Each structure stands twice: as C-alpha cells, then as structure tokens.
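See structure below.
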Amino acid sequence: MVALAALALVVPTAPVAVGADDGDQVVVSSGGDWGCQDGAADVWTATAVVEDCLPEAPAVPETPEVPETPEVPATPAVVEPVDRPALGPAQVGVRLTASPGTWSVDGVVLGYVWLRDGAVIPGATAASYTPVAADAGKRLTVRVSATKDGYVAGEATSAAVTVAAGAAAVATARPTVAGTPTVGATLTARTGTWSASGLTFAYRWLRDGAPIAGATASSYKVVAADAGKKIAVTVTAARSGYTTGTATSATVTAVHPLTAAPVPTVTGTPRVGVALTAVPGTWKPAPVTLRYQWLRDGVAVAGATSASYTPTAGDRGKRLTVQVTGSKAGYATVTKVSASTAAVATGAAPTLRTKPAISGTARVGSTLRTTAGTWSMSGLSAGYQWLRDGKPITGATASSYKAVAADAGKKLSVRVTVKRPGHADGTAVTGAVAVALQAQTGGTVKVANSWAANRKVTVGTKVKAVITAPAGARLTKVEWVVGGRVVSTSSTYLLTTRTPVTVRATFTRSGYAPRTVQTTFTPPNAPSTATYKTVAAFRSAGYGPYYRGTTPYTWYRDADGDGMVGE
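Mapped onto mature numbering (1 follows the signal peptide of the UniProt record, and there is no 0), the consecutive letters of the sequence shown carry residue numbers -19 to -1, 1 to 548.
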C-alpha cells in the first residue's frame, strides 16, 4: 500500500515495479509523478511496500555511504533604506537638520556626510548643518549611512535642495548725517548700527528724496542747488551670501551760510559781584537773532542766558566764557565762543552803612544786646564777638551777653563780622559801654571804749571802731578823721581833744562798688575833781576805773590802757 500524504497525482503516471514479485522479495517501484493540488511543481517520491513478500532473496551488498557535502555559510543580510533621507528648505545662516529616513532593520547607527553640488563639505558630518556664504545658490544633499553588527551597512542620499541667500542685515539704529548743511560745507554719512557684523556699506545721497547724480561716497559737499532742499543719505549694507539691507537717514535742510559771524568778547573785571558784558560783534546778513549762554570752565551756567552776567560765589577761581549763537531763516545757525576770562577773583567786602550798637543796661547781671548794623549788600550772615576792654571774652559769640562780675568797671564792646559767599568779610566794632558796679547795702560802724564797754567815752579815752560788714563784703579800710584830716587808720584811736571825730569803714565786694559807712561824735571832756569829789561819784557817773587808797593820791590818765602812766 502506498501512502501519498494528501497529494494528488498531477500526471497520471502510476508507479512501475522493478523486479518480479516472487513472494519474499522486495519490489522496488518507480514513484510516478506527483504534485500539489494547487498546481505547484514540487515532485514527490513514494515507496510502495508489497505485503506478503516472497521468501527473502539473497542479500544484496550495501552501497557505500556517500560523504555529506560541507555546508556553505549563509550570506549576511543587507540594511536597506525603506524611506530615503530628506532635507527641508535651505538658507544661508539658517540651521538645517536632515531627516535620516527609515531602514529595514531597527537599532541602526546613523552617519552623515553633507555634500555641496556633489562634493563632500569638509567637517560637515553631523545631523545638522548651517549653510555658509559659499553654499548660496548651490545644491545641498546629505548622505546617510546605517550600520548594525551582523548586517551589511546600507547607505542612501537625500534629494538635493538649493541654498537661498541669507536674510538681510537690519539697521537697529538708522544712519545719520553729520555736519552743518550749509552751501559749501561737507556732510558725512554715519552708517548707524546693524544687526550683523562683517558688512560693507554703499551710499546714495538724496535731494528731496531723489538720488543726486554721482553722490555715492560716504561724504557729500553741499552745492547751491541744495539750498532749501532736504538732504538725506541711504546706506546699503552687504555681506557675501546674504541679501542686502538698506536704511535711510533723517533729512537735513540745506541752507546758506551767514556771511559774518565774529567771535564774541567779554568786558569787565572777573570778580564775584561785578557784572561782565558780552560783546557779540556784527553778524551778517542783518538782522541775525543772537542768543547767549555763559559757561563756567566750559560748562553752561544755569539761567545765564543774557548779554551780561554777574559772577557768583560758585564762579570764584573759575574761568568764564560766553557762547553766542546766531540764527536767521534760510541760513545756517552758527555758534561762536569767546576767549576765557582770567580766574574770577573774590568779591569785595560789604561796606558798613550803619554802625552796630549795644542796647541794655550795662550792669553786672543784666543782659546786653547788639545789632549787626546795616551793610551795602544783602544776603549776609553775621557773627559776633564780645570784648572786655578790647579783648575777646571766651564763649561770648552770640548777639546777646549777660554781664558778669568780671565785667564790673570794665568796658564792653562787640566786634561784628558779616560774610557773603565769594566775598571778603566785613567787620565793624560797636561803641564801648562801661559796666557799672552794683551798689552794696548794709554795714555799720560804731565807737566803743576800748577799755571797758560799759564806760563812757571822753577825751582821753582810747576808743575802738566796732564794724559790721555787708553780706559777702570784706573790710578794706578804717579811717579816723578829725578836722577833715585822717588821723589814724587803725581799728582804735585815742581821743585827745573835744573836736568832733568821724570814723569811716570801707567795704569791697567783687562786682560791687565799694561801700563806706561812717559815724561822727564829739567826745566830752574828762570829769574834774571839783565836780566829782569822790571816786564813788566818779564811778556812778560812768567813769573809771579808779583806785582806792588811804594816802593822798593824784589821778592820771592811762593813755593806752596798759596800766602804766607817764610813758
């Protein structure tokens, strides 16, 4: 029975047995021709086994085994591009990034080479490339390689793109025209500021917006035809590989020049407080409007815009000039500056008009005040110094002063100093006032018997002055006066006559006038024996001392009270 595994016979050729079926023998048959039902051309071989074989035939010798053919290694697969690389629009200065495409194998390593008109661009081996000026107008491509271990590397090149010129530079600050636009003067173009570097510039001068023939340099000399017209310049900025950029300046109106514009001069003495005058000279063609500006060391003085100027304190030591600007319709405005003055000197001191004066009662303890007087200038500040007998009193620098004891009997005055910035100082001294001493009060002087306080004072008695001083004072002098003459300056005195006696005591105290107090008395005569017959009567009359004895005696007067007589 032959097993055909669901194969159908394509060409109905039955197998053909080879050899006789003698019962035990193996019959070998040709397989016939077989094929798939769908018409494929595959050839199948079947072996039919005949059951009930004949008796075993003699063994056939085995056919020697044929050696196997060595296996040939398989050829590696190739990495193939599925979608080729691609580039977007290209422009000088704008970064361009390649799309690498897709590949038949995942996980490939990509490499890039950029080409300009088919030639490799040195160093351009990244996925991105920024076209340079040399690429402008050329065709760019990128060649992408894909590699992976175990595979044959693949390679593909993008379609070419043409590189457009780069964007034009932009003027971030527009060009300007330098110079005075007067006929005959030369104007110069300033290029302004641009967004790119490495630019070259070209110029075109315009008159009322129309190009001036041949005026293509960076400078232009104004001609008569330009008078009254608006002049401008157009600047073109170029750079290799980029489009050009242009910008135009603001216009200036061309005018005629003034025919005469002299340098001004300054008259007057350069001193603080002394007026200076600008002499502009004659400007033509008349009339020309003139404006003034005074300068201090080259810097404009605020508000000093008239033909005259009076230097202030801020000008002292500085040099002044005057700037004169002449203008006239249809003509160029011209400015001229004078030569500098000498350094401005200090201004004169103020002049005294009314002398300062002291007011108040000149007495110790009283407050005195002074005026500043009047002066020839305004804006003055005054300072004060009080003087005692012409010498400064320490700390006495206000307009008022309280007299102290040290001033008693002295003369006070005030030195007034006035100041004004930029000027010398002015000084004046008040008239002097004498400070009166304060009057002392109190104090007494009495006369008493120097021998015994309870005894009468009579001629022949030594008396003493009993003195009480005023508070805070001290006794400085005692005088006994008889007949208008000082007869003693001690504290005691012997009465020798019945002439009136005056005793004076003088007291002094700092800041006060000396005070003298006095008393006058006429001493009575000493008693006679005819009047006082007994010692007891003498004593009862207030006289004494006395001595008692049993022998006759004579009375003597002890002149100095020492118990001794006749000395």
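Note that the Cβ used here is the ideal one computed from N, Cα and C, for glycine as well.
Here the structure is a predicted model, which is why all the values come from computation and not from measurement.
Contact belief for residue i with residue j at Cβ below 8 Å, rounded distance in angstroms
i: glycine 360; j: threonine 335; result: Their Cβ separation, rounded to whole angstroms, is 17 Å, which puts glycine 360 and threonine 335 out of contact at 8 Å.
i: threonine 487; j: threonine 497; result: 5 Å
i: glycine 407; j: glycine 328; result: The pair is not a contact, with the Cβ atoms about 11 Å apart (cut-off 8 Å).
i: serine 126; j: arginine 76; result: Not confirmed; about 22 Å, so no contact.
i: glycine 173; j: glycine 74; result: Rounded, the Cβ-Cβ distance is 21 Å, inconsistent with contact.
i: glycine 412; j: alanine 363; result: Rounded, the Cβ-Cβ distance is 17 Å, inconsistent with contact.
i: threonine 169; j: serine 199; result: 6 Å
i: threonine 322; j: valine 247; result: 6 Å
i: threonine 78; j: aspartate 64; result: Their Cβ separation, rounded to whole angstroms, is 16 Å, which puts threonine 78 and aspartate 64 out of contact at 8 Å.
i: valine 133; j: glycine 222; result: Incorrect: roughly 40 Å between the Cβ atoms, too far for contact.
From the options, residue whose alpha carbon lies closest to that of residue i
i: alanine 326; options: Arg490, Ser469, His404; result: His404
i: tryptophan 175; options: Thr153, Ala105, Val94; result: Thr153
i: residue 612; options: Arg65, Lys458, Asp130, Thr316; result: The question about residue 612 has no answer here: the residues shown for the chain are numbered -19 through 548.
i: alanine 235; options: Thr56, Gly249, Thr83, Ala166; result: Ala166
i: threonine 501; options: Ala452, Ser471, Lys427; result: Lys427
i: glycine 92; options: Ala100, Ala105, Ser85; result: Ala105
i: lysine 443; options: Pro504, Gln499, Ala148, Gly465; result: Pro504
i: threonine 302; options: Lys210, Ala313, Val260; result: Val260
i: threonine 270; options: Ala241, Glu46, Val142; result: Ala241
i: proline 251; options: Val233, Gly262, Arg277; result: Arg277
i: aspartate 388; options: Leu349, Gln421, Thr422; result: Leu349
i: arginine 485; options: Pro162, Ser340, Leu456; result: Leu456
i: valine 216; options: Trp186, Val203, Val233; result: Trp186
i: glycine 279; options: Ala159, Ala324, Gln499, Lys445; result: Ala324
i: tyrosine 365; options: Thr375, Met358, Ser357; result: Thr375
i: valine 258; options: Leu239, Ala219, Ser287, Val233; result: According to the sequence displayed, residue 258 carries threonine and not valine. The shortest Cα separation from threonine 258 among Leu239, Ala219, Ser287, Val233 belongs to Ser287.
i: threonine 232; options: Arg155, Ala107, Thr263, Ser469; result: Arg155
i: alanine 313; options: Thr161, Pro451, Gly390; result: Thr161
Reduced DSSP secondary structure (H/G/I, E/B, other) of residue i
i: glycine 104; result: coil
i: valine 249; result: It should be pointed out that residue 249 corresponds to glycine in this sequence rather than to valine. It is coil, neither helix nor strand.
i: alanine 67; result: strand
i: glycine 295; result: helix
i: alanine 115; result: helix
i: alanine 235; result: coil
i: alanine 377; result: coil
i: alanine 206; result: helix
i: alanine 320; result: coil
i: alanine 420; result: coil
i: alanine 387; result: helix
i: alanine 79; result: coil
i: leucine 187; result: strand
i: alanine 409; result: strand
i: arginine 369; result: strand
i: cysteine 17; result: Confidence at cysteine 17 is low in this model, with a pLDDT of 41, below 50, so the placement of that residue should be treated as unreliable; the coordinate-derived value is given next. Three-state DSSP puts cysteine 17 in coil, outside helix and strand.
i: alanine 242; result: coil
i: isoleucine 448; result: strand
i: proline 192; result: strand
i: threonine 215; result: strand
i: valine 31; result: Because valine 31 carries a pLDDT of 42, less than 50, the predicted location of this residue cannot be relied on, and no value is offered for it.
i: serine 200; result: strand
i: leucine 393; result: strand
i: arginine 97; result: strand
i: leucine 301; result: strand
i: lysine 427; result: strand
i: aspartate 5; result: Confidence at aspartate 5 is low in this model, with a pLDDT of 48, below 50, so its placement is unreliable and the value that follows should be read with caution. Here aspartate 5 sits in coil by DSSP.
i: glycine 453; result: coil
i: arginine 124; result: strand
i: alanine 313; result: coil
i: threonine 327; result: coil
i: threonine 439; result: coil
i: proline 62; result: strand
i: lysine 336; result: coil
i: alanine 177; result: coil
i: serine 289; result: strand
i: alanine 415; result: strand
i: valine 89; result: coil
i: threonine 398; result: strand
i: serine 308; result: strand
i: glycine 74; result: coil
Contact with chain D by residue i, beta-carbon distance below 8 Å
i: valine 315; result: The question asks about chain D, but that chain is absent: this structure has only one protein chain.
Inside the segment 340 to 366 only - beta strand (DSSP E) runs reaching at least 3 residues:
Taking only runs of at least 3 residues, the beta strand (DSSP E) segments lying wholly in the segment 340 to 366 are 348 to 351.
Threshold first: 3 residues or longer. Then list the beta strand (DSSP E) segments lying entirely within the segment 126 to 173, N to C.
For the segment 126 to 173, whole beta strand (DSSP E) runs of length 3 or above, ordered along the chain, are 135 to 138, 142 to 145, 152 to 154, 157 to 159, 167 to 171.
Whole alpha helix (DSSP H) runs in the segment 246 to 285 with 4 or more residues, listed along the chain?
As for any alpha helix (DSSP H) of minimum length 4 sitting wholly inside the segment 246 to 285, there is none.
May I have a chain-ordered list of the beta strand (DSSP E) segments no shorter than 3 residues that lie completely inside the segment 461 to 512?
With a minimum length of 3 residues, the continuous beta strand (DSSP E) runs that stay inside the segment 461 to 512 are 466 to 469, 473 to 475, 482 to 489, 496 to 502.
Touch test, the segment 330 to 345 against the segment 407 to 424, Cβ-Cβ under 8 Å, three pairs minimum:
The segment 330 to 345 is in contact with the segment 407 to 424.
Meets three-Cβ-pair contact criterion under 8 Å: the segment 340 to 352 and the segment 417 to 427:
Between the segment 340 to 352 and the segment 417 to 427, the count of C-beta pairs closer than 8 Å reaches three or more; the two stretches touch.
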